[in-house]
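*Asks:*
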Amino acid sequence: MSAKLRTRRHKVVLNRSAGGDAGITVLLVILGAFMFLPMLYTISQSLKPLDELWMFPPRFLVKSPVLTNFGDLFQLMNESWVPFSRYIFNTVFISVCGTFGNLLLASMAAYALAKIKFPGRNVLFQIVVLSLMFHQTVNQLSNFIIMSALNMIDSYWALIIPALAGTMGLYLMKQFMESTVSDAVLESARLDGASEFRTFWVIAMPMVKPAWLTLIIESFKGLWNSGASIYIHSEQLKTFNYAISQVVSAGIARAGASAAATVVMMLVPITVFVLSQSQIIETMGSSGMKD
Amino acid sequence: MSQNEVKRPVSRKDMTMAQWTWKEMKRNKVAYLMCAPFFLLFWVFTVLPVVLSIFFSFTEFNMLEPPVWVGVKNYIHLFLEDDIFIIACKNTLIFAAITGPTSYLLSFLVAWFINELEPKIRAVVTLIFYAPSISGSVYIVWTILFSGDAYGWVNGTLLDLGIIDTPILFFQNENWVMPLCIVVALWTSLGTAFLSFIAGLQTVDRSQYEAGAVDGVKNRWQELWYITLPSMRPQLMFGAVLAITQSFGFGAIVTALAGMPSVGYAAHTIMHHLDDYGGMRYEVGYASAIAVFLFLIMMACNLVIKKMLSKVGQ
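Chains L and W, in that order, are what the protein sequence lines are. Under the working numbering, the first residue of the first sequence carries the number 270, and numbering increases by one thereafter. Under the working numbering, the first residue of the second sequence carries the number 9, and numbering increases by one thereafter.
#1: Determine the extent of the alpha helix (DSSP H) in which H281/W is found, giving its start and end residues.
#2: Taking Cβ to Cβ, would you say G170/W is nearer than 8 Å to P326/L?
#3: At a CB distance below 9 Å, what residues from the segment 386-398 of chain L approach chain W? Give them in sequence order.
#4: Look up I67/W in the DSSP assignment and say whether it is helix, strand or coil.
#5: With 16 other CB atoms within 10 Å as the buried threshold, where does A379/L fall?
#6: Taking 6 Å as the limit between beta carbons, can you name the residues of its chain near N412/L, skipping five residues before and five after?
#7: Using a C-beta cutoff of 8 Å, does C97/W count as contacting chain L?
#8: Given a threshold of 16 other Cβ atoms within 10 Å of its Cβ, counted over all protein chains shown, does G557/L qualify as buried or as exposed?
#9: Tell me, please, which residues DSSP counts as bridged to V76/W.
#10: Using only CA atoms, which one of T196/W, L244/W, P269/W, S145/W lies nearest to N181/W?
#11: Whose CA, out of D452/L, E447/L, G367/L, lies closest to the CA of I430/L?
#12: Within a Cβ cutoff of 7 Å, which residues of the same chain sit near V146/W, ignoring the five residues on either side of it in sequence?
#13: So does the segment 270-278 of chain W actually touch the segment 45-65 of chain W, counting three or more Cβ pairs closer than 8 Å?
#14: Would you check whether the ligand SAH has a heavy atom nearer than 7 Å to the C-beta of G525/L?
#15: Taking Cβ positions only, does N227/W come closer than 8 Å to chain L?
#16: Please return the same chain residues whose Cβ sits closer than 8 Å to the Cβ of E504/L, not counting the five positions on each side in sequence.
#17: Give me the subset of the segment 282-296 of chain W whose CB atoms are less than 7 Å from a CB atom of chain L, sorted by chain position.
#18: With distances taken from CA atoms, which of D213/W, T196/W, S204/W is nearest G259/W?
#19: Measure the C-alpha to C-alpha separation of W8/W and L401/L and round it to an integer number of angstroms.
#20: Start and end of the alpha helix (DSSP H) containing D91/W?
#21: Apart from the five residues just before and just after G257/W, which ones in its own chain have a Cβ nearer than 7 Å to its Cβ?
#22: Tell me the residue span of the alpha helix (DSSP H) that contains F305/L.
#23: What residues in the segment 151-164 of chain W bring their beta carbon closer than 8 Å to a beta carbon of chain L?
#24: For a quick check, are the C-beta atoms of V320/W and R228/W less than 8 Å apart?
#25: Where does S488/L sit, in a helix, a strand or coil, going by DSSP?
#26: How would you label G208/W, buried or exposed, when you count the other beta carbons within 10 angstroms and need 16 or more for buried?
#27: What does the alpha-carbon distance come out to for the pair R275/L and R214/W?
#28: Find out if the Cβ-Cβ distance for the pair Q546/L, T134/W is shorter than 8 Å.
#29: Using a beta-carbon distance below 8 Å, is I513/L in contact with chain W?
#30: Examine chain L for any beta-carbon lying closer than 8 Å to the beta-carbon of Y83/W, and answer yes or no.
#31: Pick from A131/W, A158/W, G293/W: whose alpha carbon is nearest that of D173/W?
#32: What separation, rounded to the nearest whole angstrom, lies between the Cα atoms of K478/L and Y511/L?
#33: Thinking A193/W and T100/W are a contact (beta carbons under 8 Å), I'd like their distance in whole angstroms, please.
#34: Where does W323/L sit, in a helix, a strand or coil, going by DSSP?
#35: What does N243/W reach in chain L if we use C-beta pairs closer than 8 Å?
#36: In three-state terms, what does DSSP make of G144/W?
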């Protein structure tokens with residue numbers, strides 16, 4: 270397949286009815302509005318001055334945007350007992366360690382499960398899938414007992430170590446390794462004398478880049494948004510999300526600051542997502558995935 | 009296996025099953041090595057807690073005193089004496105039956121619709137659909153939109169237009185609370201499965217579409233059914249499993265919107281019942297029994313969906 274054809278996608282080849290295109294566009298616009306308007310309202314709320322927040326009839330969009338809500342929020346953050354930089358450090362540290370550790374461990378296991386035929390692989394995989402279906406609250410209580418026994422309570426490890434073995438990451442990577450990485454390519458690498466580790470790292474991983482970018486976003490999202498945890502009781506070890514929700518939980522008086530807090534919390538994962546999307550686009554544009 | 013001369017799989021002739029398995033295990037040492045770090049942690053922090061929970065479900069246990077074996081007492085109580093649990097079951101099934109399939113289809117269709125857009129536009133549209141699910145607790149904006157006083161946007165607008173005289177207490181009204189929670193749950197539901205569909209669609213081999221066009225695929229729907237879906241089976245299965253766990257697990261959103269317990273238990277799900285006994289009352293035995301029951305329901309759903317997905321593209 271020529272590079273030119275690939276970048277132009279398969280529009281070149283297939284018949285698409287104009288009616289179908291129009292119908293799909295209309296549907297996308299309606300659904301898009303449903304998804305986007307509440308987000309827009311969130312941002313609009315965070316920029317409203319006090320009198321607009323309590324105005325009748327309420328306006329959807331802000332009329333004279335101000336940044337006072339963000340100012341109030343940072344003011345409140347400064348008053349906290351533990352410096353806010355500590356909470357931010359905690360969350361960033363946990364998110365980064367947990368995400369990249371999960372990526373490495375899950376991809377490696379996923380590669381073995383998907384691409385090496387060894388006894389027991391199906392059983393292992395089925396257990397992973399089933400484990401996704403057990404409710405977390407109950408697991409948390411059992412986990413508390415296990416972590417106490419391992420002396421992990423009230424440390425970063427209590428949040429990082431279980432995240433390393435995040436099952437969704439393994440499942441995602443395994444499905445993509447299976448559908449995207451061709452056995453023939455791996456086989457020729459093995460014949461050339463490459464070790465399994467090398468084949469995994471140099472050949473398989475670049476082929477599933479969209480999958481591991483997805484894993485990074487999802488894992489990061491989960492860790493970033495993790496709030497109060499039953500495993501942590503020291504104030505210095507608590508997360509940014511927990512602290513910020515404490516600061517703005519005082520109701521009506523802090524409605525503006527609370528809207529600002531929501532916006533601050535959502536900006537970081539969205540930024541991570543946008544960065545990774547630009548990566549995905551680059552990969553797609555420059556290489557064929559399957560040949 | 010291939011015709012690899014260096015590491016040919018051991019022939020099974022002249023060997024018992026156990027001997028053959030052992031030989032194969034030794035030959036694939038490296039696979040176990042690669043799995044080891046993940047599965048070591050997985051056994052300790054995921055499987056062991058599940059096994060413990062199943063054990064606790066046959067006991068009375070409050071985290072302080074050692075568990076006391078009570079047999080199936082928790083299960084009997086659950087089905088025969090706990091009226092709220094029956095309400096929770098009904099709500100959960102309604103909730104899951106609507107949000108699960110809808111969010112699954114929506115995730116796939118949107119991913120498929122935007123697949124042919126220019127990469128840059130596709131990235132923007134992806135962000136619009138994905139943003140609600142990635143943004144943590146942003147769903148609380150719905151409590152402001154549908155707030156029960158005149159400052160809530162919906163009430164304010166309806167009052168201003170003269171459609172209603174008094175504000176509707178949306179989240180305190182038994183008729184409104186469940187539908188609203190379902191809408192908000194759907195709003196946040198284009199998450200991991202959606203992203204993996206987008207990524208999966210991108211990795212479908214282009215030459216298959218060209219071959220399909222030559223072989224007489226007439227329109228986009230035929231192309232979808234005969235080419236796209238079959239080559240995306242792994243992602244479809246992944247999405248289905250996530251849709252199951254997600255649609256049975258929307259508890260936190262409902263709690264944030266409707267409070268706990270919700271008005272007249274109108275939006276009380278199994279998840280809330282579980283959090284009530286597990287997270288608040290520390291009746292771990294009873295909570296575990298609820299979790300085991302939920303686990304069984306989800307496993308059954310998983311089996312049904314597996315059957316359905318095996319028919320794709322036929």
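Beta carbons: idealized from backbone N, C-alpha and C, even for Gly. No experiment lies behind these values; they were computed from the predicted model shown.
*Replies:* Working from what's here:
#1: As a first step, residue 281/W must be located in the second sequence, where it is residue number 273. Looking at the DSSP string, the run of the alpha helix (DSSP H) that includes H281/W is 278-283.
#2: Residue mapping note: residue 170/W aligns to position 162 of the second sequence, counting from 1. Residue mapping note: residue 326/L aligns to position 57 of the first sequence, counting from 1. No, Cβ-Cβ distance for G170/W and P326/L is not below 8 Å.
#3: From the segment 386-398 of chain L, only K386, F387, P388, G389, R390, L393, I396, V397, V398 have a Cβ closer than 9 Å to chain W.
#4: Position 59 of the second sequence, counted from the first residue, corresponds to residue 67/W. The sequence given here has Thr at residue 67/W, not Ile. In this structure, T67/W counts as strand in the three-state DSSP scheme.
#5: Locating residue 379/L in the first sequence gives position 110, where the first residue counts as 1. Looking at its Cβ environment, which holds 16 or more other Cβ atoms inside 10 Å, A379/L is buried.
#6: On the first sequence, residue 412/L is found 143 positions in, with the first residue counted as 1. Once the five neighbours on either side are set aside, N412/L has no close Cβ partner at all.
#7: Here residue 97/W is taken as the residue at index 89 of the second sequence, counted from 1. Answer no: the Cβ-Cβ gap between C97/W and chain L never drops below 8 Å.
#8: To locate residue 557/L, count along the first sequence from 1; it is residue 288. Residue placement at G557/L is poorly supported in this model, since its pLDDT is 40, which falls under 50; the coordinates still yield a value, given next. Classification for G557/L: exposed.
#9: Here residue 76/W refers to the residue found at position 68 when the second sequence is read from its first residue. The beta-bridge partner set that DSSP reports for V76/W consists of E68/W.
#10: The sequence position of residue 181/W within the second sequence is 173, counting from 1. Answer by Cα proximity: P269/W.
#11: If you number the first sequence from 1, residue 430/L lands on position 161. For I430/L, the nearest C-alpha among the options comes from G367/L.
#12: As a position in the second sequence, residue 146/W is number 138, starting the count at 1. Closer than 7 Å at the Cβ level, and outside the excluded window around V146/W, lie P140.
#13: At 8 Å Cβ cutoff, the stretches do not touch.
#14: Of the ligands one can find in the structure shown there are none, so the ligand SAH has no counterpart to examine.
#15: Taking the second sequence and counting its residues from 1, one reaches residue 227/W at position 219. For N227/W, the closest Cβ of chain L is nearer than 8 Å.
#16: Your numbering for residue 504/L matches position 235 in the first sequence. Counting only Cβ-Cβ distances below 8 Å, and skipping sequence neighbours, we find W350, V351.
#17: Those residues of the segment 282-296 of chain W that come within reach of chain L (Cβ to Cβ, closer than 7 Å) are L282, D283, G286, G287, V292, A295, S296.
#18: Taking the first residue of the second sequence as 1, we reach residue 259/W at position 251. Of D213/W, T196/W, S204/W, the residue nearest in Cα terms is T196/W.
#19: Outside the shown range of chain W (9 to 322) lies residue 8/W, about which nothing can therefore be said.
#20: Position 83 of the second sequence, counted from the first residue, corresponds to residue 91/W. That run of the alpha helix (DSSP H) goes 91-122.
#21: Position 249 of the second sequence holds residue 257/W. Setting aside the 5 residues that flank it on each side, G257/W is surrounded in the same chain by M279, each with a C-beta closer than 7 Å to its C-beta; the list follows chain order.
#22: As a position in the first sequence, residue 305/L is number 36, starting the count at 1. Residues 287-315.
#23: Under the 8 Å Cβ criterion, the segment 151-164 of chain W contributes I152, L153, A158, Y159, G160, W161, G164.
#24: In the second sequence, residue 320/W corresponds to position 312, counting from 1. In the second sequence, residue 228/W corresponds to position 220, counting from 1. No; because the gap between Cβ atoms is not below 8 Å, this pair is not in contact.
#25: In the first sequence, residue 488/L corresponds to position 219, counting from 1. The DSSP-derived three-state label of S488/L is helix.
#26: Sequence index remark: in the second sequence, residue 208/W carries index 200 (1-based). Buried, because 16 or more other Cβ atoms sit within 10 Å of the Cβ of G208/W.
#27: The residue labelled residue 275/L in the question sits at position 6 within the first sequence. The residue labelled residue 214/W in the question sits at position 206 within the second sequence. Reliability of the predicted coordinates at R275/L is poor, the pLDDT of 43 falling under 50, and no value is obtained from them.
#28: To locate residue 546/L, count along the first sequence from 1; it is residue 277. To locate residue 134/W, count along the second sequence from 1; it is residue 126. Here Q546/L is near T134/W, since their CB atoms are less than 8 Å apart.
#29: Residue 513/L sits at position 244 when you count from the first residue of the first sequence. Chain W places no beta carbon closer than 8 Å to that of I513/L, leaving this residue out of the contacts.
#30: Stepping through the second sequence from its first residue, residue 83/W is reached at position 75. No, its Cβ sits nowhere closer than 8 Å to a Cβ of chain L.
#31: Position 165 of the second sequence, counting from 1, holds the residue named residue 173/W. For D173/W, the closest alpha carbon among the candidates A131/W, A158/W, G293/W is that of A158/W.
#32: The count along the first sequence starts at 1 and reaches residue 478/L at position 209. The count along the first sequence starts at 1 and reaches residue 511/L at position 242. Each residue's alpha carbon lies about 32 Å from the other.
#33: Within the second sequence, the letter at position 185 stands for residue 193/W. Within the second sequence, the letter at position 92 stands for residue 100/W. Not confirmed; about 12 Å, so no contact.
#34: Here the question's residue 323/L lines up with position 54 in the first sequence. The answer is coil: DSSP assigns W323/L none of H, G, I, E or B.
#35: By 1-based counting over the second sequence, the position of residue 243/W is 235. The residue asked about is misnamed: residue 243/W is Gln in this sequence, not Asn. Here the neighbours are Q444, F445, S448.
#36: What you label residue 144/W is simply residue 136 of the second sequence in a count that begins at 1. Three-state result, G144/W: coil.
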